[in-house]
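Participant: Heads up: the sequence shown begins at 21 in this note's numbering, then just goes up one per residue.
Here it is: the structure, laid out below.
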Amino acid sequence: MRRRRLRDLSIVQNTPNSEEANSEQQTVIESLNVPETLDESAEFQTESGGTRRGRGRTLLKDLYNLNPVEHGKVSRNSHGQPVGSEARLLAGYLGIIERNANMLPIKYKSWHHMPDSNKNQAVDNIKERFVLEVSDNYIKKALGKKWRDHKSTLKKQYFNKDISLKEKLRNVPPGMLRYQWKDAVRFWNSKKGEDYERVGTSSRQKQKFMHTARSRSFSSVAEAELFEITHKKKDGSPMTSEAGEIMEKLKEKKAEYEAIASTDSSVNLENIDNRIIIEVLGPERSKAKAEV
């Protein structure tokens, strides 16, 4: 028997009874980044604070059949990342949340423009089903990546540049709220939206020749953040003028990545702080930081 929280998420599956529902309040579950069935059982935390492991393989739908006082327990590794079968269950649930048009609307130009109240509501919803060792910031970044992917997919599949604006507005994706689709289409169709896409395309072309950090592994602490922490005085000002210039370059580079990612789902913002410090300081970043 499904729990009441399924309705709270505004999720609709393709069942015989779903056709009678109001399409303006539906969010369709599409393919997720994890299989609906996990090969192993997941671990859940009970009301008393203890844990129990599910019997047999764990299904994503099992989350809706949990006792209200039970939550999926998600552990993390030394890098602050979720691990284990519970992490895959969490990833699948994030895929549902980011498609919730009421909670995370696609009408915003970028994830940066999404109101904090919406992001916090999404995190609170996730915490109703999971006990998380990972940070809220990690969850928000993961949601942001999935939201951008979803928005990019919708644009590629349903926004046809070669048809009239009226036809574009009518071509509402299944499960999408009509007014949100209209807002997104009007922006994509505007000169500002076209310029935004053009800048992203140009920057991506340049990236192909500049990017060398994507395959590197990094420590758990974001190095750009660490640089800023260790090169500021107690009053928050830079220790040296050179350190201040580097901090400004790091901020500009991060803003550039975020602008590109808002229109291109292939850009991964994970470990973004670590990537940009290599681009700003070079591969010998440890030596460079020591000299500042």
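Note that the Cβ used here is the ideal one computed from N, Cα and C, for glycine as well.
This structure is a prediction, so every number in the text was calculated from the model and none was measured.
On the three-state DSSP scale, how would you describe Phe207?
Facilitator: In this structure, Phe207 counts as helix in the three-state DSSP scheme.
Participant: Pick from Gly302, Lys181, Ser210 and Ala162: whose alpha carbon is nearest that of Leu112?
Facilitator: First, the residue type needs correcting, since residue 112 is Gly and not Leu in the sequence shown. Looking at the Cα atoms, Ala162 is the closest of the given residues.
Participant: Drop a sphere of 10 angstroms on the beta-carbon of Asp59, count the other beta-carbons inside from all chains shown, and report buried for 16 or more, exposed for fewer.
Facilitator: Because Asp59 sits at a pLDDT of 38, beneath the cut-off of 50, its placement in the model cannot be relied upon, and the following sentence gives the value as read from the coordinates. Asp59 is exposed by the Cβ-count criterion.
Participant: Which residue marks the beginning of the beta strand (DSSP E) containing His91, and which one marks its end?
Facilitator: Where His91 is concerned, the enclosing beta strand (DSSP E) stretches over His91 to Arg96.
Participant: Measuring CA to CA, which of Glu276, Asn157, Ile183 and Leu114 is closest to Ser130?
Facilitator: Among Glu276, Asn157, Ile183 and Leu114, the Cα nearest to that of Ser130 is on Glu276.
Participant: At a cut-off of 6 Å, is Gly264 close to the ligand ADP when judged by its beta-carbon and the heavy atoms of the ligand?
Facilitator: Although the ligand ADP was asked about, the structure shown includes no ligands whatsoever.
Participant: Any idea if Met196 is buried or exposed, counting beta-carbon neighbours within 10 angstroms, 16 or more meaning buried?
Facilitator: Under this definition Met196 is a buried residue.
Participant: In whole angstroms, what separates the C-alpha of Pro55 from that of Gly264?
Facilitator: With a pLDDT of 37 at Pro55, under the threshold of 50, the modelled position of that residue is not reliable, and no figure is offered here.
Participant: Only counting runs of 3 or more residues, tell me where the beta strand (DSSP E) segments fall wholly within the stretch 126 to 170, in order along the chain.
Facilitator: Complete beta strand (DSSP E) runs here, min 3: 150 to 152.
Participant: Rounding to the nearest angstrom, what Cα-Cα distance links Glu118 and Lys171 in this structure?
Facilitator: Going by the C-alpha atoms only, they are around 10 Å apart.
Participant: Helix, strand or coil: how does DSSP classify Val103 here?
Facilitator: DSSP places Val103 in strand when its eight states are reduced to three.
Participant: Whose C-beta lies closer than 6 Å to the C-beta of Trp201 among residues of the same chain, with five residues either side of it excluded?
Facilitator: The residues are Val192.
Participant: Give the C-beta separation of Ser95 and Glu153 to the nearest angstrom, bearing in mind that I take them to be a contact with Cβ-Cβ under 8 Å.
Facilitator: Sure, about 5 Å apart at Cβ, within 8 Å.
Participant: Quick one, which of Pro258, Lys274 and Gly100 has its alpha-carbon nearest Asp156's?
Facilitator: Considering only alpha carbons, the answer is Gly100.
Participant: On the criterion of 16 or more Cβ atoms from any shown chain inside 10 Å, does Leu185 qualify as buried, or is it exposed?
Facilitator: Answer is exposed; the Cβ neighbour count stays below 16.
Participant: Which term fits Ser261, buried or exposed, when burial requires 16 or more other beta carbons within 10 angstroms of its beta carbon?
Facilitator: Result: exposed.
Participant: State the Cα-Cα distance for the pair Tyr216 and Tyr158, rounded to the nearest angstrom.
Facilitator: C-alpha separation (whole angstroms): 27 Å.
Participant: In angstroms with no decimal places, state the Cα-to-Cα distance between Pro11 and Glu187.
Facilitator: Absent from the structure is residue 11, since the part of the chain shown begins at 21 and ends at 312.
Participant: To which residues of the same chain is Asn97 closer than 6 Å at the C-beta, ignoring the five residues directly before and after it?
Facilitator: Around Asn97: Val103.
Participant: For the alpha helix (DSSP H) that Leu185 lies in, which residues bound it at each end?
Facilitator: Start and end: Leu185 to Arg190.
Participant: Does the Cβ of His133 have 16 or more other Cβ atoms within 10 Å, making it buried, or fewer, making it exposed?
Facilitator: With fewer than 16 Cβ atoms within 10 Å of its Cβ, His133 is classed as exposed.
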